[in-house]
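Peer 1: The sequence shown begins at 42 in my numbering and counts up by one.
Just so you know, even glycine gets a beta-carbon here, dropped at the ideal spot from N, CA and C.
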Amino acid sequence: MSSWDDVGFPEGWRLVALDEAESTNDEIRLRVDEQEGLVVLAERQTAGRGRRGAAWFSESGKCLTFSVLLRPSEPKPLWPRLSLAAGLAVAEALNRIGLEAEIKWPNDVLVRGKKICGILVESAGDRAIVGIGLNVNTKEFPGELEATSVFQELETEWDREEILTLVLKALEGWSSEIGAGFGNLLAGVKERCWLTGKRVRLTAVDELVEGLARGIGPQGDLVVETPAGVRSFVQASEIRLV
Ligand code: BTN
């Protein structure tokens, strides 16, 4: 049992709090037939993962590592927009507790240019799994990580339940705006887009591209001015500043 069991939760969400899981994304996949709105949270992940199979570091009992089960009514090609929805929800939640959070397209949230949250969206049949790793009370990170936490930014420990509740409330709204209401979601993301105006190098499929990030396009794509002209990327990995 965990201390999360009596958390008062926003309506529509149901929490399963575990002391340990390999990965909450995998854990929720085992419960994929349950109703949407299920939230699986773990105090400790033994095989937490990020995009492209990278490991996800989170200090036991100090972070928010959780996954949410959704059943979007929109067609699957629009589901990658859930990354933007989750990023915006986290950024808004962090704003509410006094942090200037920005979105590093497509699925990181940064504070002062350092990563505070990573998002991993996966699908399982007609369900979408939104995994969120948010650094809350972590005091130190392994040397190679350019990361930050709520504690490092505000110099005080923060109630993780309060932040989780804020994220879920915001996510409830934004996750339903990946289709018809995408304009609103897009506006929120554009406002907080960390890459806009920065020179970037990114890998798109097998191609290395360098240029000036112009911002987010009408489909939620990243628009980059390259020597070969203005290009738009729906997906990219390894986005770095140059
Ligand atoms: C990334 O930055 O590459 C995405 C990181 C996503 C981490 C979260 S933690 C909760 C959920 N469970 C996982 O194994 N990964 C996601």
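Taking the alpha carbon of G78 as the reference point, which residue from E61, G91, E52, E68 has its own alpha carbon closest?
Peer 2: Here residue 78 corresponds to residue number 37 of the sequence shown, with the count starting at 1. It is E52 whose Cα lies nearest to the Cα of G78.
Peer 1: Give the list of continuous alpha helix (DSSP H) stretches no shorter than 4 residues that lie fully inside the segment 213-252.
Peer 2: Correct list: 223-232.
Peer 1: So, at 6 Å on beta carbons, what are the nonlocal neighbours of R70 in its own chain, with the 5 sequence-adjacent residues on each side left out?
Peer 2: For this step, residue 70 is matched to residue 29 along the sequence shown. Cβ neighbours of R70 beyond the five flanking positions: A165.
Peer 1: Would you call the segment 125-136 and the segment 208-222 in contact, with 3 or more CB pairs under 8 Å?
Peer 2: yes
Peer 1: S99 to Q193, Cα distance in whole Å?
Peer 2: The count along the sequence shown starts at 1 and reaches residue 99 at position 58. The count along the sequence shown starts at 1 and reaches residue 193 at position 152. Each residue's alpha carbon lies about 14 Å from the other.
Peer 1: Are A96 and A83 touching if we call contact CB-CB under 8 Å?
Peer 2: For the purposes of this step, residue 96 is identified with residue 55 of the sequence shown, where counting begins at 1. For the purposes of this step, residue 83 is identified with residue 42 of the sequence shown, where counting begins at 1. Their beta carbons are not under 8 Å apart, which means A96 does not touch A83 by this criterion.
Peer 1: Run through the segment 144-189 for me and flag every whole beta strand (DSSP E) of 3 or more residues, listed as ranges in chain order.
Peer 2: 149-152, 155-165, 168-175
Peer 1: Taking 7 Å as the cut-off, is the C-beta of A95 nearer than that to any heavy atom in ligand 1?
Peer 2: By one-based count along the sequence shown, residue 95 stands at place 54. Yes, the Cβ of A95 comes within 7 Å of a heavy atom of ligand 1.
Peer 1: So is the beta-carbon of S108 under 7 Å away from any non-hydrogen atom of ligand 1?
Peer 2: Taking the first residue of the sequence shown as position 1, residue 108 is located at position 67. Yes, the Cβ of S108 comes within 7 Å of a heavy atom of ligand 1.
Peer 1: Can I173 be considered in contact with ligand 2, in the sense that its beta carbon sits closer than 7 Å to one or more heavy atoms?
Peer 2: This structure lacks ligand 2; the ligands present are ligand 1.
Peer 1: Specify, as a first and last residue, the run of the beta strand (DSSP E) that V80 falls within.
Peer 2: On the sequence shown, residue 80 is found 39 positions in, with the first residue counted as 1. It spans 79-86 - the beta strand (DSSP E) in which V80 sits, taken as one unbroken run.
Peer 1: With DSSP as the reference, please indicate the residues paired to A96 in a beta bridge.
Peer 2: By one-based count along the sequence shown, residue 96 stands at place 55. R90, per the DSSP bridge assignment.
Peer 1: Between the alpha carbons of V177 and S190, how many angstroms are there, rounded?
Peer 2: As a first step, residue 177 is located in the sequence shown; it is residue number 136 there, counting from the start. As a first step, residue 190 is located in the sequence shown; it is residue number 149 there, counting from the start. Rounded to the nearest whole angstrom, the CA to CA distance from V177 to S190 is 5 Å.
Peer 1: What's the gap between the Cα of W45 and the Cα of R201?
Peer 2: Translated into positions along the sequence shown, residue 45 becomes position 4. Translated into positions along the sequence shown, residue 201 becomes position 160. Answer to the nearest angstrom: the Cα atoms are 10 Å apart.
Peer 1: Three-state secondary structure (DSSP) at V275?
Peer 2: Looking up residue 275 in the sequence shown gives position 234. Correct three-state label for V275: coil.
Peer 1: Less than 8 Å separating the beta-carbons of V208 and A134?
Peer 2: What you label residue 208 is simply residue 167 of the sequence shown in a count that begins at 1. What you label residue 134 is simply residue 93 of the sequence shown in a count that begins at 1. Yes. Within cutoff.
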